[in-house]
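Enquirer: This is the structure I have questions about; it appears just below.
There are 2 protein chains.
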Amino acid sequence: RKREIFKKNKIPIRGKSIAIYSTKGGVGKSTVAVNLAYSIKKIGFNTAVLDLDIHGPSVPRITGTQDYEPYSPDGKNISPAEKFGVKIMSIGYMAKGDTPVIWRGPMVMKAFRTLTFSTLWADTDVLVMDLPPGSGDVQLSLAQEADISGMVMITTPQELALEDLRRGISMFKKLSVPILGVIENMSYFTCDSCGKRHYIFGKGGGRDVAKSYGIDFIGEIPFDPDLMKMSDEGRIYVLEKDGEVSESF
Amino acid sequence: RKREIFKKNKIPIRGKSIAIYSTKGGVGKSTVAVNLAYSIKKIGFNTAVLDLDIHGPSVPRITGTQDYEPYSPDGKNISPAEKFGVKIMSIGYMAKGDTPVIWRGPMVMKAFRTLTFSTLWADTDVLVMDLPPGSGDVQLSLAQEADISGMVMITTPQELALEDLRRGISMFKKLSVPILGVIENMSYFTCDSCGKRHYIFGKGGGRDVAKSYGIDFIGEIPFDPDLMKMSDEGRIYVLEKDGEVSESF
Ligand SMILES: Nc1ncnc2c1ncn2[C@@H]1O[C@H](COP(=O)(O)OP(=O)(O)O)[C@@H](O)[C@H]1O
Ligand SMILES: Nc1ncnc2c1ncn2[C@@H]1O[C@H](COP(=O)(O)OP(=O)(O)O)[C@@H](O)[C@H]1O
Ligand SMILES: [Zn+2]
């Protein structure tokens, strides 16, 4: 098989691009992407978030920017939303409320290209990209067409998620995209009435898998119901609540 | 726009087919699909499970049938796995271990057709289909090409999942596929040391959305860490543990 050589296009940003990925859905990709971007902003970098979950865009709600109406200043490029200094782009701004995005592969690829290469990211130092679950059109187009700095893999500790983590790691190794590390999310839940720590999805799985593939284990993020509540309300957790979870971001 | 008339093909089963769906990943579709199928088997029907999550097949692990090697008795059809009397088919039997399934739309559609129409379901009364998250090729092909009895929508109670639930409901209404009802999963977690009930993903969201669309609310399934552990080990929860959660299945 002739190895297809794809021309990787540069994303119009000043600095680095990091894709937050997991083959499995519901492990916290969007939540981690948004809170990571604001944590990076807090230490002084210009950051932006790109929501590439075409069928299930959650970043508008998590950042409280659902009402943003994207516009084009020049008929070609798109102006991103902006909240507390972080630029944001998502298909969710074009398909509001309960409008489903029912697209097959070719349409999904067009949306990927427009959102990634035609958004006016300006002097963004770090672009955090929230990928959809699975290993289909968006993931392939990203690996083949975009010149990204690397992937961060998100997992929860249970074996069912680790099975998908292994699939994701071997996919991006095959596609020769650098993997920066693994983050384990929802590692444990602490009962607020008796203080017992519950490993509701098991314990230590993310660290073991990362080690077995020779990949950095970046860290654990505990389960905090406030993170879930504030995301539902469009409030940025790492900007409002200090403590163990914000530290881990 | 001419309304495309698709010829819906009959799935080669004796009885009904129910698709378990959620636009959002990680809400428990695979876990509910498997335990629902075994609950239906317990009351006397021949049941089968079809895992259509092409990129992240979890049903082989949940049922402990990862080692099954599918074969074709006639060069055209495929023999399903079988465990405790339930027939099972999944792409996971063809892509074992950490092998990622990196396919674009057209390949995904071929896999959907083969798994659905060429599996030897024999005298299956109820086929439970586990769908992937999102609203792309598999969901469209299922709605356009297969004559299914209806969809059951799975959600967790938080707004972020409810947003995707609304998208999913409006999608299948548009595609004129009957929606049988909504199940809310991971509704609450009970601390085993002090008995406090924690609504870790919020409360009552699934019932409200179902009501607002005029759809039946089928019920709530609490969060039980044993369900997570047993799924990881390939043990069927509703066959081994009695109690509130098995009752709700
Ligand atoms: N560490 C955490 N603690 C509590 N809730 C979390 C945590 N991480 C994610 N969540 C919640 O879990 C749900 C799934 O997260 P989400 O970011 O939507 O996952 P994904 O993008 O992988 O589908 C959301 O409701 C989110 O608020
Ligand atoms: N009611 C529940 N209680 C405890 N764990 C659950 C429950 N439902 C699902 N899980 C666990 O949550 C994770 C996600 O469920 P899964 O069935 O894989 O979701 P999906 O198919 O929607 O991605 C799995 O590890 C599963 O074992
Ligand atoms: Zn307690």
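Read top to bottom, the protein sequences are chains A and B.
Residue numbers for the first sequence follow our numbering, beginning at 1 and rising by one.
Residue numbers for the second sequence follow our numbering, beginning at 1001 and rising by one.
We put the CB at the ideal spot given by N, CA and C, even for glycine.
For chain B, is any of its Cβ atoms less than 7 Å away from the one on A/Arg-90?
Expert: The amino acid at residue 90 of chain A is misidentified as Arg; the sequence shows Ser. Chain B, which has no Cβ nearer than 7 Å to the Cβ of A/Ser-90, makes this no.
Enquirer: On the premise that A/Ser-149 lies in contact with A/Ser-18, defined as a C-beta separation below 8 Å, what is that separation, rounded to the nearest angstrom?
Expert: According to the sequence provided, residue 18 of chain A is Ile. The question's Ser does not apply to it. Confirmed, Cβ separation roughly 6 Å.
Enquirer: Any beta-carbon of chain B closer than 7 Å to the one on A/Ser-246?
Expert: Chain B contact via Cβ: absent.
Enquirer: Looking at A/Tyr-213: is its Cβ nearer than 7 Å to the Cβ of A/Ile-169?
Expert: Cβ atoms of A/Tyr-213 and A/Ile-169: closer than 7 Å.
Enquirer: Label A/Asp-137 either buried or exposed according to how many other C-beta atoms from any shown protein chain fall within 10 Å of its C-beta, with 16 as the threshold for buried.
Expert: Counting Cβ neighbours within 10 Å, A/Asp-137 comes out buried, since at least 16 surround it.
Enquirer: Run through chain B and tell me which residues come within less than 8 Å of A/Ile-221, C-beta to C-beta.
Expert: Under the 8 Å cutoff, chain B gives no residues; its nearest Cβ is about 15 Å from A/Ile-221.
Enquirer: Sorry if obvious, but does the Cβ on A/Ser-79 come closer than 6 Å to a heavy atom of ligand 1?
Expert: Result no, Cβ not under 6 Å from ligand 1.
Enquirer: Taking the alpha-carbon positions, what's the A/Ser-135 to A/Glu-145 distance?
Expert: In a straight line, the C-alpha of A/Ser-135 is about 15 Å away from that of A/Glu-145.
Enquirer: Where B/Val-1011 and A/Ile-62 are concerned, what is the direct C-alpha to C-alpha distance, given to the nearest angstrom?
Expert: The question names Val, but residue 1011 of chain B is Ile in the sequence shown. One C-alpha to the other measures close to 40 Å.
Enquirer: I want to see whether chain B comes within less than 7 Å of A/Lys-96, judged by CB atoms only; does it?
Expert: No, because no Cβ of chain B sits closer than 7 Å to the Cβ of A/Lys-96.
Enquirer: Under 8 Å, CB to CB, which of the residues in the segment 1127 to 1153 of chain B have a partner in chain A?
Expert: Listed by position, the residues of the segment 1127 to 1153 of chain B near chain A (Cβ gap below 8 Å) are Pro-1132, Pro-1133, Gly-1134, Ser-1135, Gly-1136, Asp-1137, Gln-1139, Leu-1140.
Enquirer: Quick one: grab the DSSP three-state call for B/Arg-1166.
Expert: Correct three-state label for B/Arg-1166: helix.
Enquirer: Can you list, in chain order, the residues of its chain whose CB lies under 6 Å from that of A/Lys-7, leaving out five sequence neighbours each side?
Expert: There are no such residues.
Enquirer: Is A/Asp-164 close to chain B, meaning its C-beta is less than 7 Å from at least one C-beta of that chain?
Expert: Answer yes: the Cβ-Cβ gap between A/Asp-164 and chain B drops below 7 Å somewhere.
Enquirer: Would B/Arg-1167 count as contacting chain A if we go by Cβ distances under 7 Å?
Expert: True, the Cβ-Cβ gap to chain A drops below 7 Å.
Enquirer: Going along the chain, which residues of its own chain have a beta-carbon closer than 8 Å to the beta-carbon of B/Ile-1215, five neighbours each way excluded?
Expert: Result list for B/Ile-1215: Met-1153, Ile-1169, Ile-1179, Gly-1181, Val-1182, in chain order.
Enquirer: In the DSSP output, what is A/Tyr-250 paired with across the bridge?
Expert: What the structure shows of chain A is the stretch from 1 to 249, and residue 250 of chain A is not part of that stretch, so it cannot be assessed.
Enquirer: Can you check DSSP and say which residues form a bridge with B/Arg-1197?
Expert: For B/Arg-1197, which the question treats as bridged, DSSP gives the partners B/Thr-1190.
Enquirer: Can you give me the start and stop residues for the beta strand (DSSP E) that B/Ser-1017 sits inside?
Expert: B/Ser-1017 -> beta strand (DSSP E) spans 1016 to 1021.
Enquirer: Indicate the three-state DSSP secondary structure (helix, strand or coil) for B/Arg-1001 in the structure shown.
Expert: Residue placement at B/Arg-1001 is poorly supported in this model, since its pLDDT is 47, which falls under 50; the coordinates still yield a value, given next. The answer is coil: DSSP assigns B/Arg-1001 none of H, G, I, E or B.
Enquirer: Quick one: any contact between the segment 220 to 227 of chain A and the segment 1081 to 1094 of chain B, if contact means 3 or more CB pairs under 8 Å?
Expert: No: fewer than three Cβ pairs fall under 8 Å.
Enquirer: Compare the beta carbon distance of B/Ser-1039 and B/Phe-1249 with 7 Å and say whether it is the shorter of the two.
Expert: Their beta carbons are under 7 Å apart, which means B/Ser-1039 touches B/Phe-1249 by this criterion.
Enquirer: Can you give the beta carbon distance from A/Ala-81 to A/Tyr-68, rounded, assuming they're within the 8 Å contact cut?
Expert: Confirmed, about 4 Å.
Enquirer: Going by DSSP, name the residue or residues bridged to B/Leu-1050.
Expert: The partner list for B/Leu-1050 (beta bridge, DSSP) reads B/Met-1089, B/Met-1129.
Enquirer: How is A/Leu-120 classed by DSSP in three states: helix, strand or coil?
Expert: Coil at A/Leu-120, not helix or strand.
Enquirer: DSSP has A/Thr-155 in a bridge; who is on the other side?
Expert: A/Thr-155 is bridged to A/Glu-184.
Enquirer: Using the Cβ count rule (16 or more neighbours within 10 Å means buried), how would you classify B/Arg-1167?
Expert: It counts as buried.
Enquirer: Would you list, in chain order, the members of the segment 214 to 243 of chain A that have their beta-carbon closer than 9 Å to a beta-carbon of chain B?
Expert: Correct list: Phe-223, Pro-225, Met-228, Lys-229, Ser-231, Asp-232, Glu-233.
Enquirer: Per DSSP, which residues does B/Glu-1220 bridge with? Please list them.
Expert: Paired residue(s): B/Glu-1184.
Enquirer: Would DSSP call B/Glu-1247 helix, strand or coil?
Expert: If DSSP states are grouped into helix, strand and coil, B/Glu-1247 belongs with the helices.
Enquirer: Quick check: what's the CA-CA separation for B/Pro-1078 versus A/Asp-147?
Expert: Contrary to the premise, residue 1078 of chain B reads as Ile rather than Pro in this sequence. Roughly 41 Å between the two C-alpha positions.
Enquirer: Using C-beta distances below 7 Å, list every residue in its chain close to B/His-1055, excluding the 5 sequence neighbours before and after it, in chain order.
Expert: Excluding positions up to five away in sequence, the list reads Val-1101, Pro-1132.
Enquirer: Taking a cut of 7 Å between CB atoms, which residues from the segment 1018 to 1050 of chain B lie near chain C?
Expert: You won't find chain C in this structure, because its protein chains are A and B.
Enquirer: Can you tell which of A/Asp-130, A/Ile-221, A/Ser-231, A/Ser-246 has the C-alpha that lies nearest to the C-alpha of A/Thr-23?
Expert: Nearest C-alpha to A/Thr-23: A/Asp-130.
Enquirer: Taking buried to mean at least 16 other C-beta atoms within 10 Å of its own C-beta, is B/Glu-1244 buried or exposed?
Expert: Exposed: under 16 other Cβ atoms inside 10 Å.
Enquirer: Quick check on this structure: which residue in A/Leu-160, A/Glu-240, A/Met-151 has the alpha carbon closest to the alpha carbon of A/Met-171?
Expert: Per the Cα distances, A/Met-151.
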